[in-house]
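**Q** Chains as they are written, first to last, in this note's numbering: chain A, 1 to 338; chain B, 1001 to 1143. Here's a structure for you.
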Amino acid sequence: MLILGIESSCDETAAAIYDGARLLSNVVASQKDHIEFGGIVPELASRAHERVIWETVQQALDDAGADAGEIDAIAVTEGPGLMGSLLVGLCFAKGLSVQWNKPVIGVNHIDAHIYAAFIDAKPKLPAIALVVSGGHTQIFHVPSPLNHLLMGNTRDDAAGEAFDKIGKMIGLPYPAGPAIDQLATHGNPGFYDFPRAMMKKGLDFSFSGLKTSVLYFLEKMKPEEKERVLSDHMNDLCASISAAITDVLIYKLQRAIKQAGVKSVIIAGGVSANRMLRRKAAEMAEKQGVELHIPNPEYCTDNAAMIAVTGWFKAQQGLYDDERLKPYARHQWEKYQK
Amino acid sequence: MIADKKLISASSSETVDTGVAFGKLLKPGDVVCLYGNLGAGKTQFTKGIAQAMGINPEEVQSPTFAIIHEYASDVPLYHLDCYRLESAEEAMNIGIEEYLFGQGVCVIEWPEVIESLLPDHVRSVTIEHEEKEKRRITIHQKA
C-alpha cells in the first residue's frame, strides 16, 4: 500500500511516500534545502506553501519512482498549526483525492512525530513518547497504535524555545538550540547550577523561569566580569543551561515510564537531536531496562515522512476521511488516567 | 491625556491576576500589545486575559514557535508572537490582518516588527523586571 504524505503546518512544505515497510521518498522545501524549483522559500509564508506544494509533491513521486495512479491514499497534516498554512496542504490533498479518486487521511502533526520512530525501527507498544521541539513539549502514554494519552505538557515555553531564546540572551544567533548543543559538548555542566523547574510537581513542564534566572545571572555581574564569562566560559554556560533543560526532560520521562510501567520509550521532535539529551536518555533507558527509540535526525524536524507513516497506520485501521476534513489550530488530547 | 497606570506584581501569579483584571475590560476586535524582556511575564499576563475570557489558563503556552495560538471561546482569543518574524511583509504573508481586524481579541507579544500594521485602537502594556519575581506592569493609556 502506497501512502503519499503532505505536511504544511508551519515553516516547511514537505511530501513523502511510504509503502508500509520502506520510505520511498522524502522531500522538504525550505530555505535550508536548495531544491531546484521555486528558489528561496520565504520562511513562514503560507503563500510560499502554495507556490511550492505542487513541485514538492511531484518531486516526492519522482524520487519514489511512483506514478500518481499507484498512490492508495493521501495523508495530510490537519493540525495543530497555522490555519493559513494548514489550509494550503489540506486543500491540495483534497484536490488530489478528487482527481485521483483516492481517499484522504487527516493526520495530527504531534502524533506524527511519534511515528517518525517507526520509519527505521519497530518500537514496541505500549510506550511512553516524549515529543520535544521548538513548539511542543509533551509526554504521551501510547498503549496501542494511534492511541495517545497526554501525561504531561508545558505550562509556558517549549524546551526548544528555551534553548533558542536563552541562547540569544548569551549572544548566540536565534534560533540558538543547535549552537548551544555544539558548545555544550566542550563545557562543564556543573559550572553554574541553574534551577530545575517543577521537579516535584507531576509531569508538566515549565521552562520560562529558566530564562529569568539566566537573565539575572548575567545582570548581577559587572560588565567586565560578564564579558569575561561570556568569552572564557561560553562552553560551560551552554553545558549548564543544557543540563538544566535536559535534567528536567529526563526526570519527567523516567517518572512517566515508572507510572505507566512500560518497557519502551520514544523521544521525537526537533530537540531529540540534542546530544546531551540523547546521552542522558540512553543512560536512563539502560538503568531502567527500557528500550529507547529516537528517530534519525532528518525525521525529527518537521517532515512529511512521519505524516505518510502515520497515514499508513490509520489506513490499517480503516481511518479514512473525506472532503469534509477541516484544519484545526489546536488539539486537546485525552488525558492519561492511572 | 490620562496618565499611564503603573502596578507592581510580586509574583507570576499576581501577573496572571493583573491580566484577569485587564482582560475583563476587553471587547471583540480589541488588540493588545505586550512589551517586555524575555521572561518578564507576557505569557503569564496572557493567561490572565484568557481566564477573563472563559478560557482555561493552563492551556495558554508561549506562541513563539507557532506565531499564532487560537483559543476558542464566546469571543476567540488570538495569542500572537512576532519574536521570530523579521518584517511586516512576513506577517502579511501569514495573513496576520485577518486576526488584527477580526472579531476576536488579539494579544501580541514582541509587536515591534508589525507596528506599522496595527489598528489605531491598539492598547499597550509593558512588563519590566524589577528584581527576582517582582515586575512593574504599565498599562498605557490611549492618547
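Backbone N, C-alpha and C fix where the C-beta goes; we use that ideal spot for every residue, glycine too. In this text the structure is predicted, and so the values were computed from the model without any measurement.
Since methionine 1191/B contacts valine 1105/B with CB under 8 Å, what's their CB separation in whole angstroms?
**A** Any question about residue 1191/B goes unanswered here, given that chain B covers just 1001 to 1143.
**Q** DSSP on isoleucine 3/A, reduced to helix/strand/coil?
**A** Three-state DSSP puts isoleucine 3/A in a strand.
**Q** Examine chain B for any beta-carbon lying closer than 8 Å to the beta-carbon of leucine 230/A, and answer yes or no.
**A** So, not an interface residue.
**Q** Any C-beta of chain B sitting closer than 8 Å to the C-beta of threonine 212/A?
**A** With 8 Å as the cut-off, threonine 212/A counts as an interface residue toward chain B.
**Q** Arginine 196/A versus chain B: which residues are under 8 Å apart at the beta carbon?
**A** By Cβ distance, chain B contributes nothing, its closest Cβ being about 16 Å from arginine 196/A, past 8 Å.
**Q** Taking only runs of the beta strand (DSSP E) that begin and end inside the segment 1010 to 1098 of chain B, which ones reach a length of at least 3 residues, in chain order?
**A** If we require 3 residues or more, the beta strand (DSSP E) runs fully inside the segment 1010 to 1098 of chain B come out as 1031 to 1036, 1068 to 1071, 1077 to 1081.
**Q** Got a sec, what are the start and stop residues for the alpha helix (DSSP H) glycine 79/A sits in?
**A** First-last for glycine 79/A: 73 to 79, but that is the beta strand (DSSP E), not the alpha helix (DSSP H).
**Q** Indicate the three-state DSSP secondary structure (helix, strand or coil) for aspartate 321/A in the structure shown.
**A** Residue state, collapsed to three classes: strand.
**Q** Excluding the 5 residues flanking arginine 324/A on each side, which residues of the same chain have their C-beta closer than 6 Å to its C-beta?
**A** Once the five neighbours on either side are set aside, arginine 324/A has no close Cβ partner at all.
**Q** Can you pull the chain B neighbours of lysine 165/A, defined as C-beta to C-beta under 7 Å?
**A** Ordered by position in chain B, the residues that pass the 7 Å Cβ test against lysine 165/A are Leu1038.
**Q** Select from the segment 1065 to 1077 of chain B all residues with a C-beta closer than 9 Å to any C-beta belonging to chain A, and list them in chain order.
**A** From the segment 1065 to 1077 of chain B, only Phe1065, Ala1066, Ile1067, Ile1068, His1069, Glu1070, Tyr1071, Ala1072 have a Cβ closer than 9 Å to chain A.
**Q** By alpha-carbon positions, which one of Ala48/A, Leu96/A, Ser85/A ends up nearest to aspartate 322/A?
**A** Among Ala48/A, Leu96/A, Ser85/A, the Cα nearest to that of aspartate 322/A belongs to Leu96/A.
**Q** Mapping the DSSP letters down to three states, classify histidine 1140/B as helix, strand or coil.
**A** If DSSP states are grouped into helix, strand and coil, histidine 1140/B belongs with the strands.
**Q** Tell me which residue opens and which closes the beta strand (DSSP E) that glutamate 227/A is part of.
**A** Segment 223 to 232 is the alpha helix (DSSP H) holding glutamate 227/A; no beta strand (DSSP E) there.
**Q** Output the distance between the C-alpha atoms of threonine 1015/B and valine 88/A, rounded to the nearest integer angstrom.
**A** Their backbone Cα atoms lie some 38 Å apart in a straight line.
**Q** Does the beta carbon of leucine 44/A come closer than 8 Å to any beta carbon on chain B?
**A** Caution is warranted here: a pLDDT of 49 is assigned to leucine 44/A, below 50, making its placement in the model unreliable, and the coordinate value is therefore given only provisionally. Judged by the 8 Å Cβ criterion, leucine 44/A is in contact with chain B.
**Q** Roughly how many angstroms lie between the CA atoms of serine 242/A and lysine 211/A, to the nearest whole one?
**A** The straight-line gap from Cα to Cα measures roughly 12 Å.
**Q** Entirely within the segment 96 to 131 of chain A and at least 3 residues each: give me those beta strand (DSSP E) ranges in chain order.
**A** Whole beta strand (DSSP E) segments, 3+ residues: 104 to 108.
**Q** The alpha helix (DSSP H) with leucine 218/A in it runs from where to where?
**A** From DSSP, the alpha helix (DSSP H) with leucine 218/A extends over 208 to 219.
**Q** With DSSP run on the structure shown, which of helix, strand or coil describes methionine 199/A?
**A** Three-state DSSP puts methionine 199/A in coil, outside helix and strand.
**Q** Is the separation between the beta-carbon of methionine 83/A and that of alanine 256/A shorter than 8 Å?
**A** In this structure, alanine 256/A does not lie closer than 8 Å to methionine 83/A by Cβ.
**Q** Between the segment 271 to 287 of chain A and the segment 302 to 310 of chain A, do at least 3 Cβ pairs fall closer than 8 Å?
**A** The segment 271 to 287 of chain A vs the segment 302 to 310 of chain A: no contact.
**Q** Give the single residue among Glu224/A, Met1/A, Trp333/A, Phe217/A whose Cα lies nearest to the Cα of methionine 102/A.
**A** Rather than methionine, the amino acid found at residue 102/A in this sequence is lysine. Closest option to lysine 102/A, Cα to Cα, is Met1/A.
**Q** Would you decide whether glycine 167/A is buried or exposed? Buried here means 16 or more other CB atoms lie within 10 Å of its CB.
**A** Flag for glycine 167/A reads buried.
**Q** Buried or exposed: leucine 86/A, going by 16 or more other Cβ atoms within 10 Å of its Cβ?
**A** With 16 or more other Cβ atoms within 10 Å, it is buried.
**Q** Using a Cβ-Cβ distance under 8 Å, would aspartate 63/A count as near chain B?
**A** Output row for aspartate 63/A: interface = no.
**Q** Over what stretch of residues does the alpha helix (DSSP H) that includes glutamate 283/A continue unbroken?
**A** Here the alpha helix (DSSP H) through glutamate 283/A covers 275 to 288.
**Q** Take the Cβ of valine 41/A as the centre, count every other Cβ of all protein chains shown within 10 Å, and call the residue buried at 16 or more, exposed below.
**A** Caution applies to valine 41/A, whose pLDDT of 42 falls short of 50 and renders its modelled position unreliable; the model cannot decide the point.
**Q** Can you give me the start and stop residues for the alpha helix (DSSP H) that leucine 183/A sits inside?
**A** Run containing leucine 183/A: 177 to 184, per the alpha helix (DSSP H) assignment.
**Q** Would you say threonine 154/A reaches chain B, if we count a Cβ-Cβ gap shorter than 8 Å as a contact?
**A** So, interface residue.
**Q** Identify the contact partners of threonine 1043/B in chain A, using a Cβ-Cβ distance below 8 Å as the criterion.
**A** The answer, in chain order, is Asp156, Asp157, Ser208.
**Q** Contact check, histidine 340/A vs asparagine 108/A under 8 Å by CB: the rounded distance?
**A** Outside the displayed span of chain A (1 to 338) sits residue 340/A, for which this structure offers no information.
**Q** Which term fits histidine 1121/B, buried or exposed, when burial requires 16 or more other beta carbons within 10 angstroms of its beta carbon?
**A** That one is exposed.
**Q** Got a sec: which bits of the segment 1044 to 1058 of chain B sit with their beta carbon under 7 Å from any beta carbon on chain A, in order along the chain?
**A** Cβ contacts with chain A: Glu1058.
**Q** Can you tell me whether lysine 165/A is buried or exposed? The criterion is at least 16 other CB atoms within 10 Å of its CB, across all chains shown.
**A** So lysine 165/A counts as buried.
**Q** Hey, how far is the Cα of alanine 121/A from the Cα of isoleucine 1049/B?
**A** When rounded, the distance between both Cα atoms is 45 Å.
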